[in-house]
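J.: In the working numbering, the protein residues as written are 1142 to 1815.
Beta carbons: idealized from backbone N, C-alpha and C, even for Gly.
These figures come from a predicted structure and were not determined experimentally.
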């Protein structure tokens, strides 16, 4: 049946003021969805419009948004994502006072699982929280009116304990987003957890939730979400899923997948760089999840080794890396796990007796890298265990691993001693060293609970280096406060554009065309080809083009792995869900608007900080061995210039007035100032 009106979204958002206990619904005009879609597109519009400029990220007036993608909640393949949005307490320019503080830039974090669809099926396109509860609270959204209830019994509980208690109270099918102890203690590297271990980890938004005394949001209401043309949507979905399964199930793809580590070794030896194809990506993700990449990335120079000092094949070789990779981890697999509407189901639940775990989520590549090669740890069971602990505490594994690498180098250089690591478990202290996994748990627990020196480390490497000083800032690697993902830009220099210049810096998922091209991105968009020029300025422009597209992909609710899977009926899916007559060009313009508004938020908050440094991340000095030997990123200024030029931003990354005018954002700012 074809609906006579646009569908796929609810046309309203939920506002909850924890200071006044006011709960209201706000209708959103269709024109807003057409301009910003959903996800952090809608989130950026709402927060930019409603948040008073220069409001502190952890102030009670700060706004925290939970925003599913426009297509989320429907069966369209790969569209199960949601985004948490708000002002980040982690990023932005730092005020170097007695207590260093960040001015706070735009913050968002993307996550999968089932919580995003639950928001849509509860009748909302976003949930926005303002104010601060006097006591710990939980928001319940069920058949009855939305309620703010006491959370005192679950304050201090782990994520799984919180979920179990709330599900016993509100129903086992409830979907829950909660913070762990790290968020309660306002760690700036804390996130928000759903499905036990799906964490919106970046930007420090767990601290924003904790600052509001909000332990969890629990959704048990489930309404039907109508679409424009359900028959067409079901047909497109079924055809795509069947085609994808047929491609990744072929014997040739199975053979390539089994030999991927050996192929990576040959590619490194031949200096062929990073290459792949859509069928191989589908197979490896389906079988091993992102853990398939660990050994390959270590071989090729993608995985940072020893805080960017080492070379994978020498300092963390294949015989070690393969234990942190997909095939090895299969021995622990208990069952598959996947996100809503995902045809790959790339997650897994493990049983690991050696780690004392009957059930735990398989670590993702980023965690395996951060607690493997980055700190020279060779013990996979301890990495699985620390992944479990960090998920239960709601702490970002990327940032936590980067903090450990920073600490190890501080110890190596004599800047920290045993006395700095005195804690309840070690009253005489302990001394972390490279490759020794025994220090990981006490150090992580100190960070989670802000115990002793862990209080300094719980806010990331920038704050820690400002307090330690003595030259430690030279190897405290971050971008405007946020630690980068486990992908070394010396291998793919264009990645540095995303690390430096995205409104949420240091993010490996924020538009690096060269990485996504591994999955043959041109096959995703039929009839459109992205530039593959090697000229730095032109390559920077191509990053800008891709950034525009990626913002729309995210705002629609897509998992970025969809871009690696080959041809996708994108326009047809959007039309079937919404009824809109929309084009690829429209999506590029919408994405441009979203990216520019996110950046303009940083400008308004005086948080814009794009400062390329001649440090180890840029290859200064260059490594003397391995696939990154002799490589330095000398072309960053040309890359940034091309990127800014394409987006209509000035040489410092500030959106031009003409750009704001053309995207109807200048008027938005003027309206808000009145």
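By the DSSP assignment, the beta strand (DSSP E) with residue 1457 in it spans what residues?
T.: Element bounds for residue 1457: n/a, residue is neither H nor E.
J.: When we look at the beta-carbon of residue 1430 and count the other beta-carbons within 10 Å, is it buried (16 or more) or exposed?
T.: Buried, since its Cβ has 16 or more Cβ neighbours within 10 Å.
J.: I think residue 1627 touches residue 1510, with their Cβ atoms under 8 angstroms apart; what is that distance to the nearest whole Å?
T.: Residue 1627 to residue 1510, Cβ: 3 angstroms. Contact.
J.: In terms of residues, what are the limits of the alpha helix (DSSP H) holding residue 1325?
T.: From DSSP, the alpha helix (DSSP H) with residue 1325 extends over 1322-1325.
J.: From this set, 1210, 1162, 1200, which residue's C-alpha is nearest residue 1701's C-alpha?
T.: Checked all of 1210, 1162, 1200; the closest Cα to residue 1701 is 1210.
J.: Counting Cβ pairs, one atom from each stretch, are 3 or more of them under 8 angstroms apart for the segment 1222-1230 and the segment 1177-1188?
T.: Segments in contact, yes.
J.: Please state whether the Cβ-Cβ distance between residue 1570 and residue 1582 is less than 9 angstroms.
T.: No, the pair does not count as a contact, with Cβ atoms beyond the cut-off.
J.: Kindly indicate which three-state DSSP category residue 1529 falls into: helix, strand or coil?
T.: Correct three-state label for residue 1529: helix.
J.: Where does residue 1721 sit, in a helix, a strand or coil, going by DSSP?
T.: In the structure shown, residue 1721 sits in coil (DSSP, three-state: anything other than H, G, I, E or B).
J.: Can you tell me whether residue 1434 is buried or exposed, with buried defined as 16 or more other CB within 10 angstroms of its CB?
T.: Buried: at least 16 other Cβ atoms inside 10 Å.
J.: I'd like to confirm the pairing. Which residues does DSSP put opposite residue 1502 in its beta bridges?
T.: According to DSSP, which records beta bridges pairwise, residue 1502 is partnered with 1490.
J.: Could you pull out every residue in the same chain whose Cβ sits closer than 6 angstroms to the Cβ of residue 1692, ignoring the five residues on either side in sequence?
T.: So the list reads 1732, 1735, 1736, once near-sequence residues are dropped.
J.: Exposed or buried, what is residue 1232 when buried is set at 16 or more other beta-carbons lying within 10 Å of its beta-carbon?
T.: Flag for residue 1232 reads buried.
J.: List, from N- to C-terminal side, the beta strand (DSSP E) runs of 3 residues or more that fit wholly inside the segment 1230-1297.
T.: Fully enclosed beta strand (DSSP E) runs of 3 or longer: 1247-1252, 1268-1271, 1278-1282, 1288-1291.
J.: DSSP three-state label for residue 1620, please.
T.: In this structure, residue 1620 counts as strand in the three-state DSSP scheme.
J.: Between residue 1819 and the rest of its own chain, which residues show a CB-CB distance below 6 angstroms, the 5 nearest in sequence each way excluded?
T.: Missing from the structure shown is residue 1819; the chain here goes from 1142 to 1815 and no further.
J.: In whole angstroms, what is the alpha-carbon distance linking residue 1277 and residue 1291?
T.: Cα to Cα, the separation comes out at about 6 angstroms.
J.: Count the other CB atoms, across all protein chains shown, that sit within 10 Å of the CB of residue 1251; report buried if there are 16 or more and exposed otherwise.
T.: Classification of residue 1251: buried, given that the 10 Å Cβ count is 16 or more.
J.: Buried or exposed, going by whether 16 or more other CB atoms sit within 10 Å of the CB of residue 1172?
T.: Looking at its Cβ environment, which holds fewer than 16 other Cβ atoms inside 10 Å, residue 1172 is exposed.
J.: Looking at the structure shown, is residue 1790 part of a helix, part of a strand, or coil, going by DSSP?
T.: DSSP places residue 1790 in strand when its eight states are reduced to three.
J.: Below 8 angstroms on the Cβ atoms is my guess for residue 1467 versus residue 1512; work out the distance and round it to an integer in Å.
T.: Actually they do not touch by this definition, with Cβ atoms about 16 angstroms apart.
J.: Taking 9 angstroms as the cut-off, decide whether the C-beta atoms of residue 1833 and residue 1708 are in contact.
T.: Because the chain spans 1142 through 1815 in this model, residue 1833 falls outside it and cannot be assessed.
J.: For residue 1621, is the classification buried or exposed, using 16 other Cβ atoms within 10 angstroms of its Cβ as the cut-off for buried?
T.: It counts as buried.
J.: Quick check: residue 1314 and residue 1262, are their CB atoms within less than 9 angstroms of each other?
T.: No, they are not a contact pair.
J.: Report the rounded CA-to-CA distance for residue 1195 versus residue 1694, giving the unit in angstroms.
T.: If I take the Cα positions, the gap works out to 29 angstroms.
J.: Can you give me the Cβ contacts of residue 1329 inside the same chain, cut-off strictly under 6 angstroms, excluding the 5 residues immediately before and after it?
T.: Excluding residues within five positions, the ones whose Cβ falls inside 6 angstroms are 1230, 1231, 1345, 1348, 1600, 1601.
J.: In its own chain, which residues sit with a C-beta less than 8 angstroms from the C-beta of residue 1299, not counting the 5 before and 5 after it?
T.: Excluding sequence neighbours, residue 1299 sits near 1321, 1322, 1533, 1534.
J.: Measure from the alpha carbon of residue 1721 to the alpha carbon of each residue in 1154, 1302, 1368, then state which is nearest.
T.: Taking only the C-alpha atoms, the option nearest residue 1721 is 1368.
J.: Can the beta-carbon of residue 1643 be found closer than 9 angstroms to that of residue 1340?
T.: Result no, Cβ atoms of residue 1643 and residue 1340 do not sit closer than 9 angstroms.
J.: Kindly indicate which three-state DSSP category residue 1560 falls into: helix, strand or coil?
T.: Helix at residue 1560.
J.: Report the CB separation of residue 1630 from residue 1640 in whole angstroms; it is logged as a contact under 8 angstroms.
T.: Yes, residue 1630 and residue 1640 are in contact; Cβ-Cβ is about 6 angstroms, under 8 angstroms.
J.: Out of 1502, 1448, 1727, point me to the one whose CA is closest to residue 1517's CA.
T.: Residue 1517 has its Cα closest to that of 1448, out of 1502, 1448, 1727.
J.: Tell me which residues share the same chain as residue 1750 and place their Cβ nearer than 7 angstroms to its Cβ, disregarding the 5 neighbours each side in the sequence.
T.: Cβ within range, chain order: 1233, 1234, 1621.
J.: Taking residue 1557 as the reference, give the member of 1595, 1775, 1452, 1526 with the closest Cα.
T.: The shortest Cα separation from residue 1557 among 1595, 1775, 1452, 1526 belongs to 1595.
J.: Grouping DSSP H, G and I as helix and E and B as strand, with all else coil, what is residue 1785?
T.: Three-state DSSP puts residue 1785 in a helix.
J.: Contact between the segment 1766-1778 and the segment 1212-1223 is defined here as three or more beta-carbon pairs at a separation below 8 angstroms; is this criterion met?
T.: Too few Cβ pairs lie closer than 8 angstroms, so no.
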